[in-house]
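The sequence shown begins at 1 in the UniProt record's numbering and counts up by one. The beta carbon of each residue, even a glycine, is placed where N, CA and C say it ideally should be. A short worksheet on the structure shown next.
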Amino acid sequence: MSDTREPGHSGRLSTLSAAWVIARRDFVAILFSRAFFFFLLGPLFPVLVGILAGSVGQRVQQTAQSPEIGLVMAETEARRILAAREVLAARLGDAVPRMTLVHALAEGEDYEPRSALEGRAANIAAILSGTAEAPQLTGPRTRIESWRGPVAMVAAQAQAGELAPWPEVRLETTTSSSATERRGRLTTAQGAQTLLFLLTMMLAGMVLSNLVEEKGNKIIEVLAAAIPMEAVFMGKLFAMLGVSLVGIATWGATVGAVLLAGSSVLPTLTTPAVGWPMLVALGVVYFATAYLLLGSVFLAVGSLATTVREVQTLSMPVTMVQLLVFFLASYAMTQPGTAIEYFALIFPFSAPFAMLARAAQDPALLPHVPAVLAQCAWVLLLVRLGSALFRKRVMKSGPARVKKPRRSLFRRKAGAKV
Numbered sequence: 001m002s003d004t005r006e007p008g009h010s011g012r013l014s015t016l017s018a019a020w021v022i023a024r025r026d027f028v029a030i031l032f033s034r035a036f037f038f039f040l041l042g043p044l045f046p047v048l049v050g051i052l053a054g055s056v057g058q059r060v061q062q063t064a065q066s067p068e069i070g071l072v073m074a075e076t077e078a079r080r081i082l083a084a085r086e087v088l089a090a091r092l093g094d095a096v097p098r099m100t101l102v103h104a105l106a107e108g109e110d111y112e113p114r115s116a117l118e119g120r121a122a123n124i125a126a127i128l129s130g131t132a133e134a135p136q137l138t139g140p141r142t143r144i145e146s147w148r149g150p151v152a153m154v155a156a157q158a159q160a161g162e163l164a165p166w167p168e169v170r171l172e173t174t175t176s177s178s179a180t181e182r183r184g185r186l187t188t189a190q191g192a193q194t195l196l197f198l199l200t201m202m203l204a205g206m207v208l209s210n211l212v213e214e215k216g217n218k219i220i221e222v223l224a225a226a227i228p229m230e231a232v233f234m235g236k237l238f239a240m241l242g243v244s245l246v247g248i249a250t251w252g253a254t255v256g257a258v259l260l261a262g263s264s265v266l267p268t269l270t271t272p273a274v275g276w277p278m279l280v281a282l283g284v285v286y287f288a289t290a291y292l293l294l295g296s297v298f299l300a301v302g303s304l305a306t307t308v309r310e311v312q313t314l315s316m317p318v319t320m321v322q323l324l325v326f327f328l329a330s331y332a333m334t335q336p337g338t339a340i341e342y343f344a345l346i347f348p349f350s351a352p353f354a355m356l357a358r359a360a361q362d363p364a365l366l367p368h369v370p371a372v373l374a375q376c377a378w379v380l381l382l383v384r385l386g387s388a389l390f391r392k393r394v395m396k397s398g399p400a401r402v403k404k405p406r407r408s409l410f411r412r413k414a415g416a417k418v
């Protein structure tokens, strides 16, 4: 169908009004559909699997005992070692390895310590033999090398007898240090960046198949004849953005209620440089810009597909490219002040992730204003390019060019001779 109204559209609706009509139509149609309910339930299944896996892992960790050192020595020596270990453990805690008597040697008995490590149900990681004056530790190299110092301390205490009093260490606490604060803010930035990437990739993928159905039942041709194609693209983008924000609000409220119910297991994150309220606000803004940027590309690429199978084929390379962009932003976060960071801040597809990470580490708010404006400009440019590509490749606007038959030079020469 020829689109003759697009270049000089003279309809009753402006581009913004037409985009609002398309956005409202798609938003209401998706929000009140049965598929939207299953869309909201979709992320709950991975969360449920994660909770079950975490509980099973915690149960396994609880049932697994800490590795112990088995004692193979005379009973009197074993009592000295165990008594010294208990005295030191009262002050040093888990820094002193646990010890248990495996075999008490009789006088003149010859016993191989290696045999005590084989076929035992107990959690024995190494064997301590000999005496307190000449201890011998048998076991895997990595294990016994890490236990050499604590075992020597226990043996020395067994020789010394009564534990001498230790001086009292006076503690003077501070709220934080610069290194601790920087490391904590880096962790917060990484978490915010990862969450933004996961939400963007999970929700922006729906835009790929947005035009396939309407292209199949010819609705898109009716829309293209009535309103500008830029309005169609813009309306669909903002409709899907609104649906995504509703989904995020629902998931956030559910997760927040669950976390508040189990507040004892809440992770402790360092307060970002701009504060939590401002970071959340910037997160919403950068999610919107990242979604619109990626969605405009997805919409342009998906509009060229004619079947759902083609959409699935196109989604994989697009996802891989966006994953590389995320890795770029994550690496740039660890290189402040370098060229790679400035590139990630300027490149439109990595800028939302890089700027959100910057907000967690830098309290300055002014750089976010030109960043958001630049991303909005990129969204408008990509929408215009995508709609132009759609008109050229799918709608085939304009009169068809008639191919002129090309005459062969040799044929003309042959006719001249005749």
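Would you call the CB atoms of residue i and residue j closer than 8 angstroms?
i      : j      : result
Val301 : Val318 : yes
Ala204 : Leu294 : yes
Pro352 : Leu196 : yes
Pro150 : Ala273 : no
Lys236 : Ile22  : yes
Gln136 : Ala84  : no
Thr250 : Leu40  : yes
Phe299 : Ala305 : It should be noted that the sequence gives Leu, not Phe, for residue 299. Result no, Cβ atoms of Leu299 and Ala305 do not sit closer than 8 angstroms.
Phe27  : Ala239 : yes
His103 : Ala116 : yes
So the candidates are the options; which of them puts its Cα closest to the Cα of residue i?
i      : options                           : result
Gly247 : Leu199, Met355 and Leu117         : Leu199
Gly130 : Glu112, Val232, Glu168 and Leu117 : Glu112
Pro165 : Val222, Arg91, Ala125 and Ala253  : Arg91
Ser17  : Ala359, Gly283, Ala231 and Leu385 : Ala231
Ala125 : Arg114, Val258, Val255 and Leu41  : Arg114
Leu328 : Pro67, Val72, Gln361 and Pro348   : Pro348
Ala155 : Ile227, Ala132, Ile346 and Ile144 : Ala132
Leu186 : Phe298, His368 and Thr270         : Thr270
Glu162 : Ala359, Thr307 and Arg80          : Arg80
Glu221 : Phe32, Gly337, Phe390 and Thr334  : Phe390
Ala35  : Gly139, Val297, Met206 and Ile219 : Met206
Leu345 : Tyr286, Ser303, Val169 and Val102 : Tyr286
Gly283 : Phe32, Leu245, Ser14 and Ile227   : Leu245
Gly108 : Leu88, Leu82 and Glu75            : Glu75
Glu118 : Leu13, Glu86 and Gly139           : Gly139
Leu382 : Glu168, Val72 and Val297          : Val297
Gly334 : Pro367, Leu101, Arg183 and Ala371 : Here residue 334 is Thr; the residue named in the question, Gly, does not match the sequence. Checked all of Pro367, Leu101, Arg183 and Ala371; the closest Cα to Thr334 is Arg183.
Going by other Cβ atoms of all chains shown within 10 Å of its Cβ, with 16 needed for buried, is residue i buried or exposed?
i      : result
Trp276 : exposed
Tyr342 : exposed
Lys392 : exposed
Met229 : buried
Asp110 : exposed
Ser264 : Only weak support exists for where Ser264 lies, its pLDDT of 49 falling under 50; the coordinates are left without a value.
Gly386 : buried
Leu373 : exposed
Gln159 : exposed
Leu44  : exposed
Thr142 : exposed
Gly337 : exposed
Glu145 : exposed
Phe326 : buried
Short of 6 angstroms in beta carbon distance, which residues of its chain neighbour residue i, apart from the five on each side in sequence? Order them along the chain.
i      : result
Thr289 : Pro352 and Gln375
Ile69  : Pro97, Met99, Ala126 and Leu128
Gly242 : Phe27
Ile340 : Ala332
For residue i, which residues in the same chain have their Cβ closer than 7 angstroms to its Cβ, ignoring the five residues on either side in sequence?
i      : result
Leu223 : Val232
Leu279 : Ala192, Pro272, Ala359 and Ala360
Once the 5 residues before and after residue i are set aside, which same chain residues still bring their CB inside 8 angstroms of it?
i     : result
Leu88 : Val96, Met153, Val154, Gln157 and Leu163
Tell me the start and end of each unbroken beta strand (DSSP E) in the region 339-375 that is at least 3 residues and wholly inside, in chain order.
none
Contained alpha helix (DSSP H) runs [length at least 4] in the region 208-261, N- to C-terminal order:
212-216, 219-226 and 229-261
Those runs of the beta strand (DSSP E) which lie wholly inside the region 96-125 and span at least 3 residues
98-105
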